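Going by UniProt numbering, the residue at position 161 of the sequence shown is 161; the numbering climbs one at a time, nothing skipped. Built from N, CA and C at the ideal position, the CB exists for glycine as well. None of the values given here were measured: they were computed from a predicted structure. Remarks on the structure that follows.
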Amino acid sequence: MCGIVGAISYKNVSDFLVNGLERLEYRGYDSAGIALLSDKITRVRSTGRVSAIRDKLKNQNLSGLLGIGHTRWATHGGVTESNAHPHISRNKIAVVHNGIIENHEAQSERLKKYGYEFTSETDTEVIAHLIHYYYEDTKDLLKATFLAIKDLDGAFAIAVIAVDKKDQLICARKGCPLLIGVGQKENFIASDASAIIASTKNIIYLEDGDIANLTVEGLEIYDKSLKPTKRKLHKSSLDEGSMDLGPYDHFMQKEIYEQPKALGDTIEAVIDNNAFDIELLGKNAKKTLADVNSILILAAGTSYYAGLTAKYWIESIAKIPANVEIASEYRYRSSVPNVNQLVITISQSGETLDTIESLKHAKVMGHKKTLTICNVQDSAIVRESQLVLYTRAGMEIGVASTKAFTTQLASLFVLTIILGKINNRITKKQEKEYLSELRLLSGNIQHALNLEPQIKEWSKQFAEKNNALFLGRGIHYPIALEGALKLKEISYIHAEAYPAGELKHGPLALVDKDMPVVVIAPNDSLLEKVKSNMQEVKARGGILYVFADGDSHFHQQEDIKVIRTPRHTGVLSPIVHAIPVQLLAYHVALIKKTDVDKPRNLAKSVTVE
Numbered sequence: 001m002c003g004i005v006g007a008i009s010y011k012n013v014s015d016f017l018v019n020g021l022e023r024l025e026y027r028g029y030d031s032a033g034i035a036l037l038s039d040k041i042t043r044v045r046s047t048g049r050v051s052a053i054r055d056k057l058k059n060q061n062l063s064g065l066l067g068i069g070h071t072r073w074a075t076h077g078g079v080t081e082s083n084a085h086p087h088i089s090r091n092k093i094a095v096v097h098n099g100i101i102e103n104h105e106a107q108s109e110r111l112k113k114y115g116y117e118f119t120s121e122t123d124t125e126v127i128a129h130l131i132h133y134y135y136e137d138t139k140d141l142l143k144a145t146f147l148a149i150k151d152l153d154g155a156f157a158i159a160v161i162a163v164d165k166k167d168q169l170i171c172a173r174k175g176c177p178l179l180i181g182v183g184q185k186e187n188f189i190a191s192d193a194s195a196i197i198a199s200t201k202n203i204i205y206l207e208d209g210d211i212a213n214l215t216v217e218g219l220e221i222y223d224k225s226l227k228p229t230k231r232k233l234h235k236s237s238l239d240e241g242s243m244d245l246g247p248y249d250h251f252m253q254k255e256i257y258e259q260p261k262a263l264g265d266t267i268e269a270v271i272d273n274n275a276f277d278i279e280l281l282g283k284n285a286k287k288t289l290a291d292v293n294s295i296l297i298l299a300a301g302t303s304y305y306a307g308l309t310a311k312y313w314i315e316s317i318a319k320i321p322a323n324v325e326i327a328s329e330y331r332y333r334s335s336v337p338n339v340n341q342l343v344i345t346i347s348q349s350g351e352t353l354d355t356i357e358s359l360k361h362a363k364v365m366g367h368k369k370t371l372t373i374c375n376v377q378d379s380a381i382v383r384e385s386q387l388v389l390y391t392r393a394g395m396e397i398g399v400a401s402t403k404a405f406t407t408q409l410a411s412l413f414v415l416t417i418i419l420g421k422i423n424n425r426i427t428k429k430q431e432k433e434y435l436s437e438l439r440l441l442s443g444n445i446q447h448a449l450n451l452e453p454q455i456k457e458w459s460k461q462f463a464e465k466n467n468a469l470f471l472g473r474g475i476h477y478p479i480a481l482e483g484a485l486k487l488k489e490i491s492y493i494h495a496e497a498y499p500a501g502e503l504k505h506g507p508l509a510l511v512d513k514d515m516p517v518v519v520i521a522p523n524d525s526l527l528e529k530v531k532s533n534m535q536e537v538k539a540r541g542g543i544l545y546v547f548a549d550g551d552s553h554f555h556q557q558e559d560i561k562v563i564r565t566p567r568h569t570g571v572l573s574p575i576v577h578a579i580p581v582q583l584l585a586y587h588v589a590l591i592k593k594t595d596v597d598k599p600r601n602l603a604k605s606v607t608v609e
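Written as structure tokens, this is what we have:
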């Protein structure tokens, strides 16, 4: 969602702030701003792209050794310059903020009684005024920030500067991600490591409730009780090259084509060991998983669809009952805990607030066995889990997830086989067969990518439509869901997905010549059922667009258009069939000239409810 950067240095930080904000553009935003401290706090804000901030800075020749910056994704208040961060209180305190302050209305009324005037519709302005209120009394910026955040309910990451504290940058977090970059005679803060890796790869991840005081010479970190504490220093493995487009037109295109390598990296340890070893999950995995009798998967968005796919694998291969819940729903309902249930959370960023909070809720409910599948080492959700299985997707910039999704699926498949071995449901012969399937996966993905020219032709017809249906059965139904999500995310065409057998229970009423119907139809045990459902569409005048396998017996007709992968890819077919629906959405969006990497109203890292 929103992005934060900040720096205190022996040299001008204005370029760092703007470059850092541009590195965070992929997270999604609608306005941006920075505040620089010299003799006074100078603020530059704008709606739209960060490039507007760069132009304003250049025209005004602004500089400073201390500053903070922000990209905003609107929650409280519309997309206006007055609502853009940073927010300033009485020309003395400047604040940037990610998250949502739930009691901002009550605090606003309180502050108005103290004479504070509000110039925005945001919840963030409350933070600036609260810190100013306490600072006037204490003259201590660290203590004033500490006192202010004690008054706040909700989730936040904040950075604070004061006009008469030119050697001090304060930051704090509760629920939202925030990290410190450690440099030489300079220190940085950011909500994402991508914003600072050009300046330093030495990273400290703040824990929930931490507050930190940064100077040019060093830094101090305090816990939620304002007691000094230490946090581990990490060396970021993030590659600056992952932030560059290279020969591609969009990051989404680049990331679609990176999938053979990303999947190869994700399953590398399994292939190298020639076995699905439980040690892949951590040293305590045997003890944690020994008596697991069911699975609960918690996730959001695309990760939820990965979980739905995994349910089919876990129950059919490992023979363990599995349930999948949307994280934001699970945490607000009464459920029955099972101490022998394994709770699996899935998050690309490791900072998805709904998923983190659902994991915390599960633990409070009594669940003791937890495992997360994540793409980011040392992220918040990883630190909350007993066990972790990392995807190796590399950095994903495009808001619409592609390689993160398929690597999550690959990791969930690996986990399934490990659970099946623990459960004595998999023979050595079967394990070898699954290893063979994995070895072929990257090549099969490349074959699917080779379908792009045919998919381009389809996209010309889709771009003229306003609605679409996606159908699948069994383990391919979640891929239909993912295909519909991708199309609406980046092309803004309304799309829905259904199990193909549900057509006659309502959705068939929508079918006509103007409603394209995409069918995921691999050559598996449900193929004949899918063909029957297709006839229901054809009889109502619908046009079918079928993603099939080379060994399926479909005949191209005027109202049935078919694209075939080279062959049926067995148990890993859902991963392979995810590629065509990604390409379809991408090429439709290109024709409609939408912002492929930054679709409207959406954000990459969802760190608010």
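Item                                                                                                                                                                              : Value
Roughly how many angstroms separate the alpha carbons of Q253 and Y586, rounded to a whole number?                                                                                : 7 Å
What does DSSP give as the partner residues of G99 in its beta bridges?                                                                                                           : F156
Taking the CB atoms as reference points, tell me whether I196 and G181 lie closer together than 9 Å.                                                                              : yes
Over what stretch of residues does the beta strand (DSSP E) that includes Q341 continue unbroken?                                                                                 : 341-347
Just how far apart, CA to CA, sit L387 and A285?                                                                                                                                  : 7 Å
Would you please state the rounded distance, in angstroms, between the beta carbons of T352 and A300? I believe it to be under 8 Å.                                               : 6 Å
Suppose the cutoff is 7 Å on Cβ atoms and the five residues either side in sequence are ignored; what does the same chain contact list for A589 look like?                        : I490, S491, V596
So for residue 623, helix, strand or coil by DSSP?                                                                                                                                : Not covered by the structure: residue 623. The range shown for the chain is 1 to 609.
Is it true that the region 41-52 meets the region 105-119, where meeting means three or more beta-carbon pairs spaced less than 8 Å apart?                                        : no
Would you please state the rounded distance, in angstroms, between the beta carbons of E536 and L584? I believe it to be under 8 Å.                                               : No, E536 and L584 are not in contact; Cβ-Cβ is about 22 Å, not under 8 Å.
To which residues does DSSP link N467 through a beta bridge?                                                                                                                      : H494
Grab me the residues of S401's own chain with a C-beta within less than 7 Å of its C-beta, minus the 5 sequence neighbours each way, in chain order.                              : T302, Q348
Roughly how many angstroms separate the alpha carbons of E255 and K403, rounded to a whole number?                                                                                : 6 Å
Using 9 Å as the threshold, is the C-beta distance between A497 and G483 below it?                                                                                                : yes
What does the Cβ neighbour count give for I271, buried or exposed, with the cut at 16 atoms within 10 Å?                                                                          : exposed
Relative to the alpha-carbon of L37, which residue among D164, G99, T215 has its alpha-carbon at the smallest distance?                                                           : D164
Quick one: using the 10 Å Cβ neighbour count with 16 as the cut-off for buried, is S385 buried or exposed?                                                                        : buried
Relative to the C-alpha of F413, which candidate in L308, H367, A495, N523 has its C-alpha closest?                                                                               : L308
In chain order, what residues of the same chain lie with their CB nearer than 6 Å to the CB of F548, ignoring the 5 residues before and after it?                                 : Looking at the sequence itself, residue 548 is Ala, so the reference to Phe does not match. Once the five neighbours on either side are set aside, the close Cβ partners of A548 are A521, F554, V562, R564.
To the nearest angstrom, report how far apart P337 and G420 are at their CA atoms.                                                                                                : 23 Å
Taking DSSP's pairing of strands, which residues face L179 in a bridge?                                                                                                           : A190, Y205
With H, G and I counted as helix, E and B as strand and the rest as coil, what does DSSP make of K369?                                                                            : strand
Would you call A539 buried or exposed, if buried means 16 or more other Cβ atoms sit within 10 Å of its Cβ?                                                                       : exposed
Give a yes or no on contact between the region 262-278 and the region 307-321, applying the rule of three or more CB pairs nearer than 8 Å.                                       : no
Tell me whether Q408 is buried or exposed, calling it buried when 16 or more other Cβ atoms sit within 10 Å of its Cβ.                                                            : buried
Run through DSSP, which three-state label would N533 get?                                                                                                                         : helix
Three or more beta-carbon pairs under 8 Å between the region 14-23 and the region 111-118, yes or no?                                                                             : no
Ends of the alpha helix (DSSP H) at L226?                                                                                                                                         : Unbroken run through L226: none, as it is neither H nor E.
Kindly list the residues whose CB is nearer than 7 Å to the CB of H132, restricted to its own chain and excluding five residues on each side of it in sequence; keep chain order. : S89, R90, K92, I93
Does DSSP classify E325 as helix, strand or coil?                                                                                                                                 : strand
Ignoring anything shorter than 4 residues, give me the alpha helix (DSSP H) runs that lie fully in the region 36-74, in order along the chain.                                    : 51-60
Considering Cα atoms alone, identify which of H476, I493, V546, F470 is closest to V511.                                                                                          : F470
Return the CA-CA distance between K11 and V216, expressed in angstroms with no decimal places.                                                                                    : 10 Å
Quick one: residues in its chain with C-beta nearer than 7 Å to the C-beta of A448, no 5 flanking neighbours on either side, listed in chain order?                               : T565, V576, I579, P580
Can you list, in chain order, the residues of its chain whose CB lies under 7 Å from that of R473, leaving out five sequence neighbours each side?                                : P499, A500, G501, L526, K529, V530
Measure how close the beta-carbons of Y434 and I417 come, nearest whole angstrom, since I'm counting them as under 8 Å.                                                           : 5 Å
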